[in-house]
Every structure is written in structure tokens, then in C-alpha cells.
Amino acid sequence: MPQSLVDTRMVVARARAFAPLAVFMVAGACQSPTVRVDGLSLAQATPEASEYTLRLVVTNPTSTPFALEQWDYGGECDGRAFDPSHWMASRTLPAHTTATIELPLILPGPPAERHPWRASGTLTYSRRQKLSETIHDLGIPNPTESFVATGSSAGQATAPASALE
16 MPQSLVDTRM VVARARAFAP LAVFMVAGAC QSPTVRVDGL SLAQATPEAS
66 EYTLRLVVTN PTSTPFALEQ WDYGGECDGR AFDPSHWMAS RTLPAHTTAT
116 IELPLILPGP PAERHPWRAS GTLTYSRRQK LSETIHDLGI PNPTESFVAT
166 GSSAGQATAP ASALE
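Those letters in the sequence shown? Residues 16 to 180, by the working numbering.
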């Protein structure tokens, strides 16, 4: 076997061996952003569909900025499912910062203002560090942070994620 092929295989084997450790170091041993649902409000309505605004409070407790990449979320209101949503975050959350994010939720049909609701989802993010970029280049998915909350009517959330898990 040619020496260059042996060297290439050794590099690939070392990278694969290092990947779980790197994931632990970046995702497991470090703090992640926190996501809390602040409330749900009716933005506009027609007989065909109602648009709600889901208010989320995102906190970065670390000294490293986070790149917020994508929101995947949905839920239900009055027994009807919101359309599943994917929203590109395309935003950096600086170190030691809290931000309020508003995301649209579409409920088919007329509004359900005085009924129980539930919202849940995930935020995909990455740290603004060289090691994070290397892990991403190896094909390892970026970490996510989940959220879930319920409410009795359009308005404030009554159960943060930590209370439901």
C-alpha cells in the first residue's frame, strides 16, 4: 500500500477518534443558550387562517457569542395543530446577552383566543469558536436547545420548559 494512502487513513482515523471528545468538549461540557417561551399573542386573523406571534426569551450565559442558526417549532391551540415552522435565525447572540425573539405561528381556520395552547421546538446554534467550525466541517451536527410551554389562552406562558420535562 502506498505511504500516502496509509498516512491519509491515519489522519481520518485520528479525526474520527477525536470527534466524540470534541463534541463532548463543545456541546456537553460548556453551557448552552437558554430558551424560554414568554407568551403567545394573536397577530392577525382571517376565516382561513390565524397568525400568532410566539415570544421567546433567549439568554447567552457564556463569555462566547452564539450563532443562532435555525428554529424548528410548532404546537397546537384548541386541539388544532399550528403549521410546523422552520425559521432561519441568522443572528449572533453576544456573550452575556438576553434577547426577545418573535416567531410566527399559523393556525388554519379562525382564531382560538380563549383556549389552551402548547408550543415547542428547538433552536440550532453554534459557538463562534474555531473548534466549533472544525467539528461542523467533520459533518457533526450543531447542538440544539429545546423549549416547550403551555398557556390557558393567548397571552403569557404558564409552564416553562423546565416545569414540563
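The beta-carbon is built from N, C-alpha and C at its ideal position, and this holds for glycine as well.
- Taking 8 angstroms as the upper bound for CB-CB distance, residue 118 and residue 83 are not in contact here, some 12 angstroms apart.
- If you compare the alpha carbons of 64, 48, 52 with that of residue 166, the shortest gap goes to 52.
- In summary, residue 153 is exposed, with fewer than 16 beta-carbon neighbours lying within 10 Å of its beta-carbon over all protein chains present.
- Measuring C-alpha to C-alpha distances from residue 137 to each of 72, 71, 87, 96 identifies 87 as the nearest.
- With 16 or more other CB atoms across the displayed protein chains lying within 10 angstroms of its CB, residue 90 is buried.
- Across the structure, residue 158 and residue 111 are spaced so that their CA atoms are roughly 19 angstroms apart.
- Looking only at 131, 115, 155, the smallest Cα-Cα distance to residue 96 is reached by 131.
- For the pair residue 72 and residue 113, the CB atoms are nearer than the 8 angstroms cut-off.
- Rounded to the nearest angstrom, the gap between the Cα atoms of residue 102 and residue 24 is 39 angstroms.
- By the C-beta density criterion, residue 94 is exposed, having fewer than 16 other C-beta atoms within 10 angstroms.
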